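Trainee:
Numbering (the numbering used here), first residue to last: 2 to 61.
Structure (structure tokens):
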């Protein structure tokens, strides 16, 4: 189940040259708040802005 992201969320990601793997994903909700980093070692093929990422909503 895809969780919709708020419209004010900015996203960015780095993919392998062939587009098969996502190396990192960034989500920003509010630049005035301190940053927090999660480091996970699970490969992902989810996109960046499609809201299909199932890990980020579980961490937030």
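Built from N, CA and C at the ideal position, the CB exists for glycine as well. Nothing here was measured: the structure is a model prediction, and the numbers come from that model.
Since residue 23 and residue 11 should fall inside the 8 Å C-beta cutoff, what is the C-beta to C-beta distance between them, to a whole number of angstroms?
Mentor: That belief does not hold up - the Cβ atoms of residue 23 and residue 11 are roughly 16 Å apart, past 8 Å.
Trainee: Quick one: what's got a C-beta closer than 6 Å to residue 16's C-beta in the same chain, skipping five residues either side?
Mentor: 23.
Trainee: Hey, out of 31, 25, 20 and 13, whose CA is closest to residue 42's CA?
Mentor: The shortest C-alpha separation from residue 42 is found at 25.
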